[in-house]
Every structure is written in C-alpha cells, then in structure tokens.
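K.L.:
Got a structure here, written out as structure tokens. Questions coming.
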Amino acid sequence: MRNVKCAVLFILAAAGTASAYDLSETEMSVVEDGVRNELRDPDSARFDTMLAEKGSDDLTSVCGFVNAKNGYGGYTGMVPYLGNLLMRDQNRGMFFVTMIGDDAAGAQVVYEMCAEKGIQLSQ
C-alpha cells in the first residue's frame, strides 16, 4: 500500500503547477468525510485549518489539521493530513487521503509534501 501511495504522489507531483484555491462548503464537507473514513473514531473528528491548491489538471490537493479520539478514548491533538479532492460535479466528489501525520515523523512528511504542492501549513 505504501508503494502505491508513493507512486500516486510522484505522478501527482509531476502533473503540473498549482494555484491557491478556496474550497466551497460542499468541497470541505467531502474532504472531512474522506478524512473521517480513515479515523478510528470518525464521529469524534474536529477539523481546523484546511488549505487547497488546484493543479493544472484540475486535481485539488488539500492539506489541513484534524483532531480525533484514539483507541483509548482520548483526543490525540491536531495532526496534519494531505490528500486529493476530485469533484464529479458541484455536489458530489471524493477525497483520497494520502497521509495523516499521526506521529512526529509522519507529521514532518506531511508538512514537506504539502510544501512541495505549494501549501504552507504552520506547524
């Protein structure tokens, strides 16, 4: 699975330049649903900053922060995530999570990958 994610990241990085993009409420909801699908306790998710860049291929990269409960029932603190948003139309889309930085090393990787896409998350 890790190799697939790395290959996807390489392809996306080579796809073209990006420009800042303001997400609509619907797009933010799609992103939140996609991130929730990756969490142990999806209903506990609390979202903070969400920044996006739209590439020349209309693929939207999104970086942000999420806080959710762990297996012990406690909140972990805000952690960064990165993924790609693909909207079918104005009301339907999918968000593919590339990575959630749930430890220090993972968080650093997410920050660096976001920066490569032109998205600066403050640490």
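For the sequence shown, the working numbering gives the first residue as -15, with consecutive numbering after it. Even for Gly, the Cβ is constructed at its ideal location relative to N, Cα and C.
(1) Could you pull out every residue in the same chain whose Cβ sits closer than 7 Å to the Cβ of D10, ignoring the five residues on either side in sequence?
(2) Apart from the five residues just before and just after D6, which ones in its own chain have a Cβ nearer than 8 Å to its Cβ?
(3) Quick check: K63 and G39, are their CB atoms within less than 9 Å of each other?
(4) Output needed for L66: all residues of its chain with C-beta closer than 6 Å, excluding positions within five of it in sequence on either side, in chain order.
(5) Whose CA, out of T60, N68, L69 and I103, lies closest to the CA of A88?
(6) Give the DSSP-derived three-state secondary structure of G39 in the structure shown.
(7) Measuring only the C-alpha atoms, how far is M78 from L70?
(8) How would you label S45, buried or exposed, when you count the other beta carbons within 10 angstroms and need 16 or more for buried?
(9) Assign N68 to buried or exposed, taking buried as 16 or more other Cβ atoms, counted over all protein chains shown, within 10 Å of its Cβ.
(10) Spell out the partners DSSP gives A4 in its beta bridges.
(11) For the alpha helix (DSSP H) that contains M97, what are its first and last residues?
(12) On the DSSP bridge assignment, give the partners of S45 in chain order.
P.N.:
According to the structure shown:
(1) The sequence given here has Thr at residue 10, not Asp. For T10, where only same-chain residues beyond five positions count, the Cβ hits under 7 Å are Q74 and N75.
(2) If you ignore the 5 residues before and after D6, its C-beta comes within less than 8 Å of the C-beta of A36, all in its own chain and listed in chain order.
(3) Inspection of the sequence shows that residue 63 is occupied by Val rather than by Lys. No, they are not a contact pair.
(4) Beyond the five residues adjoining it in sequence on each side, L66 comes within less than 6 Å, by CB distance, of C47, T82, M83, V94, M97 and C98 in the same chain, given in chain order.
(5) Nearest of T60, N68, L69 and I103 to A88, Cα basis: T60.
(6) Per DSSP, reduced to three states, the secondary structure at G39 is strand.
(7) Straight across, the Cα-Cα distance linking M78 with L70 is about 5 Å.
(8) By the 10 Å Cβ count, S45 comes out buried.
(9) In this structure N68 is buried. Its beta-carbon is surrounded by 16 or more other beta-carbon atoms within 10 angstroms.
(10) Bridge partners of A4: E37.
(11) A88 to E100 is the extent of the alpha helix (DSSP H) around M97.
(12) Answer by DSSP bridge pairing, in chain order: E37 and N68.
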